[in-house]
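Have a look at the structure below before the remarks.
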Amino acid sequence: MAHQLTTCTYCGVGCGLYLETSDNRVIGVYPSVSHPTNQGKICVRGWHVHEIASSAERLKKPLLKKHGELEEAEWDEAFEFVAARLQQIRKGHGPDAIAFLNSPRCSNEDTYLLQKLARAVIGTNNVDQGSGVFCNNSIDVLLETTGVAAASTSLADLAESEVVVVDGVDLGRRMPTVGGAVIRAKLRGAKLMVIGTRRHRVAENADRFLQIRPGTEVPLYGAMAKVIVDRGLMDLGFIKARCRNYEDFLQQVREYDLLHAAEACGVPAEAIEGAAVDFARARAATLLYSTSMEARSRDTIRAVVNLALLTGNMGKPGAGILALSEQNNLQGVCDMGMLPDRLPGYRRVDDASARAELETLWQAKLPSASGLQAGSLLGNGAASPVKALWVCQYDPASAAGLEETAGLFRNRELLVTQQLFMTEAARLADVVLPTTAYGEEQVSFTSTERRIQLAQKVIEPAPGLMPAWQQLTRVARLLGANWDYTSAAQVMEEIGQAVPFYSGASYENLGREYGRQWPCTKDRPLGTRYLFGENGTKFKFAVVPMPPQIAAATEFPFRLFFGSSLYYWAQDVLVRHSETLKREYRVLWLDYPQGFVEINSEDAKQLGIRDGQKVRLRTEAAAAEATARVTPEVMSGTIFVPYFLREVEKKLLQNRADRSQLVPVRLEKEAA
Amino acid sequence: MKARVLRNADVLAVVDLLRGQGYEVLAPFCGRGRDTCFDTVTDDNREHIQIHLPNPYYPPKRFVFPHIERLMKAERSNGDLRIEPTYEAPKRAIFGIRSCDVAGIYHLDRFFLGKEFSDIYYEKRRRNLLLINVVCTDPERDIGKECFCMCADTGPAARDHFDLQLMDLGEEFMAVAGTAAGEALLASPIFRKGTNKHVEKRRAILEQLRGNFESTMTSWFSGAVRYVSQEKVAEKTWEEIGQRCLECGGCTYVCPACTCFTVSDRRTGAKEVERVRTWDSCALGGFTRMAGGFNPRRAVHDRRNRRFFRKLSHYFIQRELSVACVGCGRCAAVCHGDIGMPTVVEMIRRAAAQAEAR
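As they're listed, the protein sequences go chains A and B. For reference, each letter of the first sequence is one residue, going 1 to 672 in the working numbering. For reference, each letter of the second sequence is one residue, going 1001 to 1358 in the working numbering.
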């Protein structure tokens, strides 16, 4: 029996837990009491990680498509085939005919080498992390306003916040450990404010719950900013010393109106005013929002940052912005530059000096034009210039907001996937390279609070299986690159040279305590709990224009909006392999086999709609049928449609490119 | 109980004795920070065994009721289906199990073995398990801020249900046997006869320990048992509790006296299937979901209500002749929303007092 401290890699919290092993099997799991992030608590997913590694459905050997069918092959054969085909395609169509996609499930090492293969060996910036466009919104806004694309504070700091503001995200279901920290902060005396459309578990605990109409965050936050300015509650000292663009921001904010906002959002003006005053009066306040939330526009995020800057809630204990990277290693994957327009460390690909530094380190010329984003990459079908696609741990079925990709994958000349199981995407591939799973490899992941942590190797994988980063090394060598990485620790050494804020994050340092929060440099080997503590950083206020009022149409009184729904995790390939998680996360598939749209209980009562009944949603131009799921969580007057109802989405959105738009609909019972 | 004493230097010799008799000995070790765990003693780690340390978080119930346990396997070959149970009952001794956890194992004995149906998997493991209890005497290291064994009347020194009990008297240790197996161990020359002086020292230490528990809910625990048994807890209280629950299942998993499990079949090869039992939790929504979709405890507060009835209601205490709460405090430590037993007992008490005041 052995107990190994490791990090859970399920979501972006990165809880510390121990895996117990015996006879090369993981037989148990339990939380680490001393870990600073979760302090003895984990969620239901963490309690079941041990059920996953030993699934009999794991792929053990590479598969090559021969004569139209996938057949088992030898490793050398597979790598040589991939290298040869990549060379052919690059020769015939140019480097930009090849694209690379991964997912937040990938480790830092896998991701770093994947984008290095793309940029330094193939010569293209067609790299993206495939979880959707939404987190890229957050990256761009944070870089523009604070200079750092990450949470400015730590989860443990919530214990010192006087006011905690949660924007939208259902923490209880998506990041329970954060939800717990927020609830406990409230129990200790902090004021909890939840702003969002859905009445979720954490909202039930809020001192102030502003249940706003979907898509009205900008008027709300704008009105709050106006109240703070009107009452003179802003932190002028902080603003004068640390912020630029305040005058322009002020001018715009004056155009917001408390009563108009109340009207647009559907909450009383006093509630908005009260929230603004409470927030501004706090000695230290934290704002939480999810970077993965669908339809979180850039302006919404700008408005949140503005509130933090306005009240001086940056760079001190108990204050700041927790930009939550929900999925596993989303933070790390972006830090590693798995973005079409940014290099590792977030400098832009068209920044000549940034490129020059990496060219020296990588000994290769780098492309300067931005690559294709995942959305446009997969959305173009036959017309796309991309002939070859390399996907690592990515399954389009589970990516929120991206088109049905099966047909699009089919149009490639070469599709290479690195997977654990035979997924939808794997079935369409020309080459399937199975990798080691959680617990079978030592790699690093970066949590939402910038904590770079080691996920430890606790069992031996089946013979032949190797980590994705090792496969990338083999292919790169066959393509002529002199890569000689023999351990993940060695890859991290190089990451430390490419990404300045990882420069002190050696495996030796990471393994000593509980990982390190970046910036972790040679000067700061213990990492950084909260950012911007030293004077000097200049923040930038964003000017957020008033959005157009969404007209209330009486004929189409309901507002339809789309989202990934609570059941995002149900698509998760790993959830499917734990009996309990399957039961908990997929039960809605059993109860609503044809999917569902969510309707508020009061609305349903008024229209005589029962749970499970068929309903029709009518827009001006189209209609779609769906099954109703009646719940008090959804706001009255709105209807929520989960993304996996592709049919409904297609019919009702039609030509609308922007899914963040709300669709006015009429709701009817379907005739028997 | 006939008291014996042994030298401090000989305490680990008990471990050697057991290993010599063929037992796999589980003993407490330190992990990172304040983390601790029970792990197998080997020649390499024997020197690192700790006597006084925070009670290991991962409950020792897993040595009789594993987190995941194979029950049987089924194999198809030549049209034949062969099914065989898979038992695993290693000869084990837990050295350093705390008094609260001893009560926990006793409760599991009552649940799995106490009535008409005896769980054979549990029985086989239990028969081969020896419990060497160590009394919590160090207020700095042994007693945590969530501990309330005093209120649950299970500690700090268990009165029975152990095989052997060791207690640190300062200059030496006291040893007391609880079963014939424990008595047999006392035959070793490392044990000498104890005197009244030692018994008096033990009493004095236990008396002083009473003041070291942060939790002050001694009388409230029995009050909670009364209110819950008489169904005097308002719906509103359960709703308040449910509101803070994030449905992680942690309270059930860490509890030494919780027994929920589920059974599932998994394919292990082309023609092989294994049936496993894994820990489950009544906190989870799907636990009582029935085929067809009906769920008698769909709402979270109904599930919280169920948990505390199972722990506190007279009906269950009578059924097992044992209380399903041992005062270890782990549920308080593991809970995201601070609705472990101590807090819930407090909430019930306060609600009852407010109701009575009206």
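In this text, a Cβ means the ideal position worked out from N, Cα and C, and glycines have one as well.
Q) Beta-carbon separation of A:ALA285 and A:VAL194 under 9 Å? A) no
(Q) Between which residues of its own chain and A:LYS614 is the CB-CB distance below 7 Å, once the five residues before and five after are set aside? (A) GLU625, THR627, GLU670
**Q.** Where A:ALA400 sits in the DSSP three-state scheme
**A.** Caution applies to A:ALA400, whose pLDDT of 41 falls short of 50 and renders its modelled position unreliable; the value that the coordinates give is listed next. DSSP places A:ALA400 in coil when its eight states are reduced to three.
Q. Taking A:SER297 as the reference, which of A:GLU204, A:GLY168, A:LYS191 has the closest Cα?
A. A:GLY168
Q. Apart from the five residues just before and just after A:GLU357, which ones in its own chain have a Cβ nearer than 8 Å to its Cβ?
A. Nothing listed; no residue qualifies.
Q | Opposing strand residues paired with B:TYR1315 [DSSP bridges] | A | According to DSSP, B:TYR1315 bridges with nothing at all.
**Q.** 7 Å Cβ cut-off: residues of chain A touching B:ASP1280
**A.** THR580
Q: Would you decide whether B:MET1290 is buried or exposed? Buried here means 16 or more other CB atoms lie within 10 Å of its CB.
A: exposed
**Q.** Where B:LYS1193 sits in the DSSP three-state scheme
**A.** strand
Q: For B:GLY1345, collect the residues of the same chain with a Cβ closer than 6 Å to its Cβ; drop the 5 residues on either side in sequence, then sort them by chain order.
A: Checking the sequence shown, residue 1345 of chain B turns out to be Val, not Gly. Closer than 6 Å at the Cβ level, and outside the excluded window around B:VAL1345, lie MET1217, TRP1220, PHE1221, ALA1224.
Q.
So if I threshold CB-CB distances at 9 Å, which residues from the region 167-183 of chain A count as touching chain B?
A. LEU171, GLY172, ARG173, PRO176, THR177, GLY179, GLY180, ALA181, ILE183
(Q) By the three-class DSSP mapping on this structure, what secondary structure does A:GLN687 have? (A) Residue 687 of chain A lies beyond the residue range present for chain A, which begins at 1 and ends at 672; the question has no answer from this structure.
Q.
List, in chain order, every chain B residue whose beta-carbon is nearer than 7 Å to that of A:ARG583.
A. GLY1286
Q: List the residues of chain B whose Cβ lies closer than 8 Å to the Cβ of A:HIS50, in chain order.
A: HIS1067, ILE1068
Q) Which term fits A:GLU247, buried or exposed, when burial requires 16 or more other beta carbons within 10 angstroms of its beta carbon? A) exposed
(Q) With a threshold of 9 Å between beta-carbons, can B:SER1264 be considered close to chain A, or not? (A) yes
Q: Under 8 Å by Cβ, that's how I've got B:GLY1047 and B:PRO1090 pegged, so tell me the actual separation to the nearest angstrom.
A: Here the sequence assigns Glu to residue 1047 of chain B, which means Gly is not the residue at that position. That pair is no contact at about 24 Å.
Q: Return the first residue and the last residue of the beta strand (DSSP E) that B:LEU1166 is part of.
A: It spans 1164-1168 - the beta strand (DSSP E) in which B:LEU1166 sits, taken as one unbroken run.
Q | Residue range of the unbroken beta strand (DSSP E) whose run includes A:SER290 | A | From DSSP, the beta strand (DSSP E) with A:SER290 extends over 285-290.
Q. Going along the chain, which residues of its own chain have a beta-carbon closer than 7 Å to the beta-carbon of B:GLY1114, five neighbours each way excluded?
A. Once the five neighbours on either side are set aside, the close Cβ partners of B:GLY1114 are GLU1320.
Q. Hey, does A:CYS676 have any beta-carbon neighbour from chain B nearer than 9 Å?
A. Any property of residue 676 of chain A remains undetermined from this structure, which presents chain A solely from 1 to 672.
**Q.** Selected residue, minimal CA-CA separation from A:ALA261, among A:ASP430, A:GLN549, A:TYR507, A:THR6
**A.** In terms of CA proximity to A:ALA261, A:GLN549 leads the group A:ASP430, A:GLN549, A:TYR507, A:THR6.
Q.
Between which residues of its own chain and B:CYS1335 is the CB-CB distance below 7 Å, once the five residues before and five after are set aside?
A. GLY1250, CYS1251
Q. Identify the residues that DSSP records as bridge partners of A:ALA623: which are they?
A. Under DSSP, A:ALA623 shares a beta bridge with A:ARG618.
Q) Would the region 633-648 of chain A and the region 589-608 of chain A be scored as touching if the rule is three or more Cβ pairs under 8 Å? A) Counting Cβ pairs under 8 Å, three or more are found: they touch.
**Q.** Alpha carbon of A:GLY401 to alpha carbon of A:GLY563, nearest angstrom
**A.** Residue placement at A:GLY401 is poorly supported in this model, since its pLDDT is 40, which falls under 50; the coordinates still yield a value, given next. The straight-line gap from Cα to Cα measures roughly 8 Å.
Q) Tell me which same chain residues have a C-beta within less than 8 Å of the C-beta of B:CYS1260, skipping the five on either side of it? A) THR1252, TRP1279, ASP1280, SER1281, CYS1282, PHE1287
(Q) By the three-class DSSP mapping on this structure, what secondary structure does B:ASP1138 have? (A) B:ASP1138 falls in the coil class under three-state DSSP.
Q) Whole alpha helix (DSSP H) runs in the region 123-147 of chain A with 4 or more residues, listed along the chain? A) 134-145
Q) Would a C-beta distance cut-off of 9 Å place B:LEU1017 and B:LEU1185 closer than the cut-off? A) Yes, Cβ-Cβ distance for B:LEU1017 and B:LEU1185 is below 9 Å.
Q. For the putative contact between A:GLY130 and A:ASN102, defined by C-beta atoms under 8 Å, what is the C-beta separation to the nearest angstrom?
A. 6 Å
**Q.** Among A:ASP591, A:LEU667, A:ARG199, nearest to A:ARG213 - alpha-carbon criterion
**A.** A:ARG199
**Q.** Helix, strand or coil at A:TYR30 [DSSP, three-state]
**A.** strand
Q. Going straight from the alpha carbon of A:LEU590 to that of B:CYS1147, what length do you get?
A. 42 Å
**Q.** For A:ALA280, the nearest candidate out of A:LYS522, A:ASP235, A:THR291, A:LEU250 (CA to CA)
**A.** Restricting attention to A:LYS522, A:ASP235, A:THR291, A:LEU250, the CA atom closest to the CA of A:ALA280 is found in A:ASP235.
Q | Beta-carbon neighbours of B:GLU1247, restricted to chain A and to distances below 9 Å | A | CYS43, VAL44, GLY172, ARG173, PRO176, ARG201, GLU584
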